[in-house]
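As given, the protein sequences belong to chains R and A, one line each in that order. 1 is the number of the first residue of the first sequence in our numbering; add one for each residue after it. 277 is the number of the first residue of the second sequence in our numbering; add one for each residue after it. In what follows, a structure is listed as structure tokens, so that the remarks can point back to it.
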Amino acid sequence: MSVILEARNLVRDYHIPGGLIKKAKTVHALKGVSFSVEEGKTLAIVGESGCGKSTLGRILTLIDPATAGDLLIEGKKIDISKGDMTPEMRRKVQIVFQNPYGSLNPRQKIGDILMEPLVINTDTPADERRDRAIAMLKKVGLTDLHFNRYPHMFSGGQRQRIAIARALMLNPKLLVLDEPVSALDLSVQAQVLNLLADLQDELKLTYVFISHDLSVVRYIADDVMVMYFGEAVEYGSRDEVFADPKHSYTKTLFAATPRADVESIKARLAKKKQAA
Amino acid sequence: MALLEIENLVVEFQTASGPFRAVNGVSMKVHEGEVLAIVGESGSGKSVSMLAAMGLLPWTAKVTADKLAFNGRDLLGMSANERRKIIGKDISMIFQEPVASLNPCFTVGFQIEEVLRIHLGLDKAGRRKRAIELFEAVGIPDPAERLGHYPHQMSGGQCQRVMIAIAIACNPKLLIADEPTTALDVTIQKQILDLLMKLQAEHNMGLIMITHNMGVVAETADRVVVQYKGRKMEEADVLTLFENPKSNYTRALLAALPDNATGDRLPTISELFVDEGAVQ
Numbered sequence: 001m002s003v004i005l006e007a008r009n010l011v012r013d014y015h016i017p018g019g020l021i022k023k024a025k026t027v028h029a030l031k032g033v034s035f036s037v038e039e040g041k042t043l044a045i046v047g048e049s050g051c052g053k054s055t056l057g058r059i060l061t062l063i064d065p066a067t068a069g070d071l072l073i074e075g076k077k078i079d080i081s082k083g084d085m086t087p088e089m090r091r092k093v094q095i096v097f098q099n100p101y102g103s104l105n106p107r108q109k110i111g112d113i114l115m116e117p118l119v120i121n122t123d124t125p126a127d128e129r130r131d132r133a134i135a136m137l138k139k140v141g142l143t144d145l146h147f148n149r150y151p152h153m154f155s156g157g158q159r160q161r162i163a164i165a166r167a168l169m170l171n172p173k174l175l176v177l178d179e180p181v182s183a184l185d186l187s188v189q190a191q192v193l194n195l196l197a198d199l200q201d202e203l204k205l206t207y208v209f210i211s212h213d214l215s216v217v218r219y220i221a222d223d224v225m226v227m228y229f230g231e232a233v234e235y236g237s238r239d240e241v242f243a244d245p246k247h248s249y250t251k252t253l254f255a256a257t258p259r260a261d262v263e264s265i266k267a268r269l270a271k272k273k274q275a276a
Numbered sequence: 277m278a279l280l281e282i283e284n285l286v287v288e289f290q291t292a293s294g295p296f297r298a299v300n301g302v303s304m305k306v307h308e309g310e311v312l313a314i315v316g317e318s319g320s321g322k323s324v325s326m327l328a329a330m331g332l333l334p335w336t337a338k339v340t341a342d343k344l345a346f347n348g349r350d351l352l353g354m355s356a357n358e359r360r361k362i363i364g365k366d367i368s369m370i371f372q373e374p375v376a377s378l379n380p381c382f383t384v385g386f387q388i389e390e391v392l393r394i395h396l397g398l399d400k401a402g403r404r405k406r407a408i409e410l411f412e413a414v415g416i417p418d419p420a421e422r423l424g425h426y427p428h429q430m431s432g433g434q435c436q437r438v439m440i441a442i443a444i445a446c447n448p449k450l451l452i453a454d455e456p457t458t459a460l461d462v463t464i465q466k467q468i469l470d471l472l473m474k475l476q477a478e479h480n481m482g483l484i485m486i487t488h489n490m491g492v493v494a495e496t497a498d499r500v501v502v503q504y505k506g507r508k509m510e511e512a513d514v515l516t517l518f519e520n521p522k523s524n525y526t527r528a529l530l531a532a533l534p535d536n537a538t539g540d541r542l543p544t545i546s547e548l549f550v551d552e553g554a555v556q
């Protein structure tokens, strides 16, 4: 299988300019992260807020340049700070954001939201744009009736489907999913995760799945990378990481995840009885 | 005697297309020292029923109940003035978004001292002393200094600790926590849940946890009420609910947990559950 995405020692520093009183400061958001993802696989990136996982997401989606290190997409080195990006290269990576209430323009109809990437990136004629948008709506489980509606007319789960559809309009190879289900209810979460799994099979998509919910990660990921203060403290296949976490932070993370099985409830109730 | 008694609670909102029933005949009881979890998806009326008990719903809401009593006193019949003496003092509430529920224009110290001034009538020095004690109790480091900070200077987890400090300032008998950890990281979630459970045990408070996270329910609750579309689907103690759920909806909810996934696909609630009317 071919490697779609490879990162070698990615570093990202943010410089905060100083003033009269404050000194200038440099925040090391990413301190040298390396990984690779094969075609059709899912890499999950886990960590708490402030650990640099969203910074990594921004670098992977070519929004932010890395300060140092190499980013390779389909074996080709990409450096957006040089400004030689072609639309073809940009098309390969798309992103789905966490909050579907914030990521869809409330003044745009669903059809326009879906067709906008085509208008900007391609020369597709108008009627073909429309056909492709309707086909994509059907693919994510909506119907052509939804084409002329506005985002406020949809529920959270439906909006996330629309956000996924928009990301897929340009036939990307790689989809970065930044906490795509953490704003959704349990039942809707299951539907969206199923949709993502179906689309991956059908379109041979590669996912980078950013999340802090370990139960979701265990379900969807092939490989897992755990980040802590800008460093990858653990990286391996899902079964390896879940069966035998090596780093102390990973262990803390596992211990903090609430368990919903009968055994742990029994243990907790017994402990409570003892204390009383 | 139960601390909070709700019988046949109905909440209706007047909308342009006629009245909308958000809560449809829900009954529940919370006893002293008990942790009750209310579980449901968004739109199941779990927050609205608790806001109704607190009297925090807007005027467009019509609240009726056969019984809505706190500590044996009828909450619906009493005057707004009398009710305000109970709300915030004997019953208090923590909300989902800690950063949004604090006032950004005032220091956290001002906001916690406000509660102490209104409900307990403490003088300035007494208020400050108690505020520092409370910040210590909820695990905020360097409390005296922190009192002068504004909410934006604190992290989400710290803000939630401030909210908890405000909520327990007057030693309430009943604490309602509305999705207290949904906006937080798992490691912070664990800390906040541990803190809530510790305070609950220390003060023998009644605690209502509103949540949609089954993991949180499993880790905290004694008894669980499952709500769906404004109706109560099931009420059971926590072990029974997970071991042997009676209602089909609860079964579907548990099956949709990624933890319990057996095959390639997650079963969804709409596949497993056909709405066939609620158990009363």
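Beta carbons are placed, not taken as given, at the ideal position from N, Cα and C, and that holds for glycine. Treat the numbers as computed from the prediction; the structure is a model and nothing was measured.
From the DSSP output, read off the bridge partner residues of residue 94 (chain R). R:175
Does residue 216 (chain R) get closer than 8 Å to chain A when you measure Cβ to Cβ? yes
Tell me the residue span of the beta strand (DSSP E) that contains residue 454 (chain A). 450-454
Unbroken stretches of the alpha helix (DSSP H), 4 residues or longer, contained in the stretch 28-81 of chain R: 53-60
For residue 188 (chain R), which residues from the same chain have a beta carbon less than 7 Å from its beta carbon, with the 5 sequence-adjacent residues on both sides left out? 156, 157
Hey, which unbroken runs of the alpha helix (DSSP H) at 4 residues or more fall wholly within the stretch 85-135 of chain R? 87-91, 110-121
How long is the line joining the alpha carbons of residue 138 (chain R) and residue 171 (chain R), rounded to whole angstroms? 15 Å
Rounding to the nearest angstrom, what Cα-Cα distance links residue 75 (chain R) and residue 8 (chain R) in this structure? 12 Å
Candidates R:165, R:29, R:107, R:175, of which the one nearest residue 153 (chain R) by Cα: R:107
Which of helix, strand or coil does DSSP assign to residue 290 (chain A)? strand
N- and C-terminal bounds of the alpha helix (DSSP H) containing residue 9 (chain R): That residue, residue 9 (chain R), is in no alpha helix (DSSP H); its beta strand (DSSP E) goes 3-16.
If you follow the beta strand (DSSP E) that residue 373 (chain A) is in, where does it begin and where does it stop? Taken as a continuous stretch (DSSP letters only), residue 373 (chain A) belongs to no beta strand (DSSP E), as it is neither H nor E.
Which residues, in order along the stretch 184-215 of chain R, keep a beta-carbon less than 8 Å from a beta-carbon of chain A? 185, 186, 187, 188, 189, 190, 191, 193, 194, 197, 212, 213, 214, 215
Take residue 453 (chain A) and list the residues in its own chain whose beta-carbon comes closer than 6 Å to its own, dropping the five residues that flank it on each side. 370, 485
Hey, residue 178 (chain R) and residue 262 (chain R): beta-carbon distance below 8 Å or not? no
Between A:420, A:479, A:534, A:292, which has its C-alpha nearest residue 490 (chain A)'s C-alpha? A:534
Just the C-alpha distance for residue 341 (chain A) and residue 376 (chain A), rounded to the nearest angstrom, thanks. 31 Å
List the whole-angstrom C-beta distance separating residue 126 (chain R) from residue 114 (chain R), where the pair is believed to meet the contact cut-off of C-beta under 8 Å. Actually they do not touch by this definition, with Cβ atoms about 13 Å apart.
I need the straight-line Cα distance from residue 289 (chain R) to residue 251 (chain R), nearest angstrom please. Nothing can be reported for residue 289 (chain R), as the shown portion of chain R is limited to 1 through 276.
Of all the CB atoms in chain A, is at least one closer than 8 Å to the CB of residue 243 (chain R)? no
So, using beta-carbon positions, are residue 237 (chain A) and residue 492 (chain A) closer together than 8 Å? Any answer about residue 237 (chain A) is impossible in this case: the structure gives chain A only from 277 up to 556.
My guess is that residue 364 (chain A) and residue 391 (chain A) are in contact by the Cβ rule of under 8 Å, so how many angstroms apart are they, rounded? 6 Å
DSSP on residue 361 (chain A), reduced to helix/strand/coil? helix
In this structure, how does DSSP classify residue 505 (chain A) when only helix, strand and coil are distinguished? coil
Taking a cut of 8 Å between CB atoms, which residues from the stretch 37-52 of chain R lie near chain A? 48, 49
Can you look up residue 181 (chain R) in the DSSP assignment and give me helix, strand or coil? coil
Any idea if residue 243 (chain R) is buried or exposed, counting beta-carbon neighbours within 10 angstroms, 16 or more meaning buried? exposed
Residue 414 (chain A) - DSSP class collapsed to helix/strand/coil: coil
Hey, how far is the Cα of residue 327 (chain A) from the Cα of residue 217 (chain R)? 34 Å
If we ignore side chains and look at the alpha-carbon of each, how far apart do residue 147 (chain R) and residue 124 (chain R) end up? 18 Å
Counting Cβ pairs, one atom from each stretch, are 3 or more of them under 8 Å apart for the stretch 402-410 of chain A and the stretch 344-354 of chain A? no
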